[in-house]
Amino acid sequence: MAHDNYHAMMSLALDRALPPEEQCILHGHLETCPACRSTWDRMCCADALFGQAISVAPSADFTARVMVRVAEREIARHEAKPWRLAAAIITGLFAVIVALGVAGLALLGEGDLVNGIMRIAVQGRLMIASLGAAATLIETLVGALRTWLGFLVAQPVVWGAAISMLTLASIWLGLIEALKPTPIRVESGA
Amino acid sequence: MVVDGWDVNDDLELVTRTLAGDQAAFGELVQQHQRIVYNLTYRMLGEAREAEDAAQETFLRAYEHLARYDPNRSFKTWLLAIASNHCIDRLRKRRLTWLSLDEPLPPHPALTSKTTAPEESAIEVESSAAMQAMLGDLPPDYRIVIVLRYWYDMSYVEIAETLETTESAVKSRLFRARQALAEKLQANSAAQMSVALERV
Chain A
1 MAHDNYHAMM
11 SLALDRALPP
21 EEQCILHGHL
31 ETCPACRSTW
41 DRMCCADALF
51 GQAISVAPSA
61 DFTARVMVRV
71 AEREIARHEA
81 KPWRLAAAII
91 TGLFAVIVAL
101 GVAGLALLGE
111 GDLVNGIMRI
121 AVQGRLMIAS
131 LGAAATLIET
141 LVGALRTWLG
151 FLVAQPVVWG
161 AAISMLTLAS
171 IWLGLIEALK
181 PTPIRVESGA
Chain B
1001 MVVDGWDVND
1011 DLELVTRTLA
1021 GDQAAFGELV
1031 QQHQRIVYNL
1041 TYRMLGEARE
1051 AEDAAQETFL
1061 RAYEHLARYD
1071 PNRSFKTWLL
1081 AIASNHCIDR
1091 LRKRRLTWLS
1101 LDEPLPPHPA
1111 LTSKTTAPEE
1121 SAIEVESSAA
1131 MQAMLGDLPP
1141 DYRIVIVLRY
1151 WYDMSYVEIA
1161 ETLETTESAV
1171 KSRLFRARQA
1181 LAEKLQANSA
1191 AQMSVALERV
């Protein structure tokens, strides 16, 4: 422990980062201290061993494997988006509700806040009643549409016309598809 | 600037193309830097399969955070920083879970397939295995500075930049790591001596 300073100097000397005057101090010490001399020899030995370090290479298909994983991550990221959006909306709404609650409590006090919430609840009930009226109107319209469609379906002329139109549309779409130019496939590499 | 026949401006161009949605450009970046990343993960983890997985993970992280890459910084250094952090995390988890770091680490298969004379090859494999075993005994923070110093010939400044630390911290870690290696060598030679004495 007492010679840690000399060990630090040895490390710098191995990296050729020790100033000349400190090199003299180190070598002077090494001549008089067998323990540090031994450490120095072993540090030099390790330095020589690691100096011959060989670089290793990955398997030949490494890049291809990475690119497969990149593609998989991309797909996973796109698939995860709706969940993330839903989670963000829910979290955001929760945060807004909590923030409003805290702000309301701070501004109005507990009693006023409860009264305010009750008023909002009454307004909400009125809104739901309005929505109920709108739902009744939509139901009536849908009923009328169903009656009208039922009348049309019951008429053989309407059936015949619909089938003829569908046949014509299929032929037309098939013709368009057949007339489309076929893309030329270019093979890359040998 | 050209390093090892590769223009570092090419990295910037490939990064720009990748950010614009060109995945093939990222493939070129992987192709170019796979060896340096893999070598680091192998030297840090000491096991070929885990090293390959860690190297792949390094590139995936680089891909995901490419928008955060600072073009003023070397792309290679940035990649090595990601790889270093990832390997240190793995080693810490490993130490907490299942593998003792005292176990000797096996040599890489690539080291056994060199076409040198059998004797030379055996010595090379032996010294490489010894080196890997000594590395495996070092704590992750010391191991990474040794790897960056000896395998990548990085200066103190470059190591500090890669590990996002100070130059004095790098000097200190290198010194402690070398001290540990010297002690390990001393212990090994003492063990060899006792084995030789037992044989006599």
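Protein sequence lines, in the order shown, are assigned to chains A and B.
Under the numbering used here, the first residue of the first sequence is numbered 1, with each subsequent residue one higher.
Under the numbering used here, the first residue of the second sequence is numbered 1001, with each subsequent residue one higher.
The beta-carbon is built from N, C-alpha and C at its ideal position, and this holds for glycine as well.
The model shown is predicted, which means the values in this text are computed figures rather than measured ones.
Three-state secondary structure (DSSP) of MET43(A): helix
Answer with buried or exposed for ARG37(A), where buried requires no fewer than 16 other C-beta atoms within 10 angstroms of its C-beta. exposed
Is there at least one Cβ from chain A nearer than 9 Å to GLU1064(B)'s Cβ? yes
Name, going along the chain, the residues of the region 1145 to 1156 of chain B whose beta-carbon falls closer than 8 Å to a beta-carbon of chain A. ILE1146, ARG1149, TYR1150, TRP1151, TYR1156
Taking the C-alpha atoms as reference points, what is the distance between ASP47(A) and HIS1065(B)? 36 Å
Please return the same chain residues whose Cβ sits closer than 7 Å to the Cβ of ALA13(A), not counting the five positions on each side in sequence. GLN23, LEU26
If the cut-off is 7 Å on Cβ atoms, which residues from the region 1033 to 1048 of chain B count as contacting chain A, listed in chain order? GLN1034, ARG1035, TYR1038, ASN1039, TYR1042
Given that a residue counts as buried once 16 or more other Cβ atoms are within 10 Å of its Cβ, and exposed if not, what is GLN123(A)? exposed
Measure the CB-CB distance between GLN1132(B) and ALA57(A) and report whether it falls below 9 Å. no
Quick check: the Cα distance between ALA1020(B) and PHE62(A), rounded to an integer number of angstroms? 24 Å
Which value, in whole angstroms, describes the spacing of the CA atoms of GLU1183(B) and THR1018(B)? 47 Å
Partners in chain A for GLU1208(B), counting only beta-carbon separations shorter than 9 Å: Not covered by the structure: residue 1208(B). The range shown for chain B is 1001 to 1200.
Between PHE1175(B) and chain A, is the shortest Cβ-Cβ distance under 9 Å, so that the two count as touching? yes
Write down the C-beta distance between ALA8(A) and PHE1075(B) rounded to the nearest angstrom, noting that I regard them as a contact closer than 8 Å. Contact flag wrong, Cβ pair sits at about 33 Å.
Determine whether the Cβ of LEU49(A) lies closer than 9 Å to any Cβ atom of chain B. yes
For ALA1177(B), which residues from the same chain have a beta carbon less than 8 Å from its beta carbon, with the 5 sequence-adjacent residues on both sides left out? LEU1138, TYR1142, ARG1143, VAL1145, ILE1146
Interface partners of VAL158(A) on chain B, CB under 7 Å: Per Cβ cutoff of 7 Å: no residues; VAL158(A) is ~51 Å from chain B at best.
Going by DSSP, what residue range makes up the alpha helix (DSSP H) through THR136(A)? 110 to 154
Neighbour-count burial assignment, GLY101(A), 16 or more Cβ in a 10 Å radius: exposed
At 9 Å on the CB atoms, spell out the chain A contacts of LYS1171(B), in chain order. ALA8, SER11, LEU12, ASP15, ALA17
Quick one: which chain B residues come within Cβ less than 7 Å of CYS36(A)? Under the 7 Å cutoff, chain B gives no residues; its nearest Cβ is about 11 Å from CYS36(A).
Considering Cα atoms alone, identify which of GLY1046(B), TRP1151(B), ALA1025(B), LEU1163(B) is closest to ARG1090(B). GLY1046(B)
Ordered along the chain, which non-local residues of its own chain (more than five positions away) have a Cβ less than 7 Å from that of ILE1159(B)? VAL1145, LEU1148, ARG1149, VAL1170
Quick one: is VAL32(A) buried, meaning 16 or more other Cβ sit within 10 Å of its Cβ, or exposed? According to the sequence provided, residue 32(A) is Thr. The question's Val does not apply to it. THR32(A) is exposed by the Cβ-count criterion.
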